[in-house]
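**Q** Each residue of the sequence shown is one higher than the last, beginning at 139 in the numbering used here.
Virtual Cβ for every residue (Gly too), placed ideally from N, Cα, C.
If you're wondering where the values come from, they're calculated on a predicted model, not measured in any experiment.
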Amino acid sequence: MEKLNIRGFEIYKSLLSQEAQQALVKAVRGVVEVAPMFSPMTPYGKPMRVKMTSAGQFGWVSDRTGYRYEQKHPNGNAWPAIPEPILDIWNEVSGSARAPECCLINYYGEDARMGMHQDRDEGDFSQPVVSISLGDDGLFRIGNLERGGKTDSIWLSSGDVVVMGGDARLTYHGVDRIRFGSSRLLAKGGRLNLTLRVVR
Ligand code: SIN
Ligand code: FE2
139 MEKLNIRGFE IYKSLLSQEA QQALVKAVRG VVEVAPMFSP MTPYGKPMRV KMTSAGQFGW
199 VSDRTGYRYE QKHPNGNAWP AIPEPILDIW NEVSGSARAP ECCLINYYGE DARMGMHQDR
259 DEGDFSQPVV SISLGDDGLF RIGNLERGGK TDSIWLSSGD VVVMGGDARL TYHGVDRIRF
319 GSSRLLAKGG RLNLTLRVVR
């Protein structure tokens, strides 16, 4: 394990063992059985390139009316509880006394990416966002508190964990591309990213 700090983001390289990663994939499969992945529509009418679902009291959804947290999956079911092995990671690295209320699960297929954005739909920006990477490597870009300007990029690999908090809580970030097939954790390839958030 190696800990880096890039623009205030704390990056724990290789925090999770292979066994821990496998347990997380199994936990995600359980979530997806109850709350299937879907391709959200952006408010501007273009579908997002990642597929997503959530666990927890709240799930993050996007459609023509905007981005927001909802207490139900678009299919009407309540989101499943956040699995214990995922909560354990929050407790290990977040430094927060609160419990996460959402675990957003994003799946990046071969051509998926995520544009530069801030995570700002939550109610308390003193609470960090904790991100867990599984499967293929993803090229993560870290910018500034305002859009534009210089950026730094780092490849996030399976088992890496990032804490986006403190003064960097509202720093712009995104994923430029993945290295499809670089990991054997997921049988069909691709990248899973889990982000834990306190919503209220
Ligand atoms: C996100 O910003 O929500 C996802 C970050 C990532 O996929 O690493
Ligand atoms: Fe984000």
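Do residue 292 and residue 162 have their CB atoms nearer than 8 Å?
**A** The residue labelled residue 292 in the question sits at position 154 within the sequence shown. The residue labelled residue 162 in the question sits at position 24 within the sequence shown. The answer is no: Cβ separation not under 8 Å.
**Q** Assign residue 221 to one of three DSSP states: helix, strand, or coil.
**A** Taking the sequence shown and counting its residues from 1, the one referred to as residue 221 is at position 83. DSSP places residue 221 in coil when its eight states are reduced to three.
**Q** Once the 5 residues before and after residue 265 are set aside, which same chain residues still bring their CB inside 7 Å of it?
**A** Taking the sequence shown and counting its residues from 1, the one referred to as residue 265 is at position 127. 234, 236 and 336.
**Q** Select from 167, 267, 150 and 310 the residue whose C-alpha is nearest the C-alpha of residue 288.
**A** The sequence position of residue 288 within the sequence shown is 150, counting from 1. Selected option, being the one with the closest Cα: 310.
**Q** Between residue 303 and the rest of its own chain, which residues show a CB-CB distance below 6 Å, the 5 nearest in sequence each way excluded?
**A** For the purposes of this step, residue 303 is taken as the residue at position 165 of the sequence shown. So the qualifying residues of the chain are 266.
**Q** For the structure I just gave you, are there three or more beta carbon pairs, one from the region 276-284 and one from the region 314-329, closer than 8 Å?
**A** yes
**Q** Run through the region 140-174 for me and flag every whole beta strand (DSSP E) of 3 or more residues, listed as ranges in chain order.
**A** Along the length of the region 140-174, whole beta strand (DSSP E) runs at least 3 residues long occupy 140-144 and 147-151, reported in chain order.
**Q** How is residue 305 classed by DSSP in three states: helix, strand or coil?
**A** Position 167 of the sequence shown, counted from the first residue, corresponds to residue 305. In this structure, residue 305 counts as helix in the three-state DSSP scheme.
**Q** What is the DSSP secondary structure of residue 282, counted as helix, strand or coil?
**A** Counting from 1 along the sequence shown, the entry for residue 282 is found at position 144. Of the three classes helix, strand and coil, the one that applies to residue 282 here is coil, per DSSP.
**Q** Which residues have their C-beta within less than 6 Å of a heavy atom of the ligand FE2, listed in chain order?
**A** 255, 257 and 311
**Q** Which stretch, first to last residue, makes up the beta strand (DSSP E) that contains residue 200?
**A** As a working note, residue 200 is residue 62 in the sequence shown. Here the beta strand (DSSP E) through residue 200 covers 197-201.
**Q** Where do the ends of the beta strand (DSSP E) carrying residue 189 lie?
**A** Within the sequence shown, residue 189 is the residue found at index 51, counting from 1. Its beta strand (DSSP E) spans residues 189-193.
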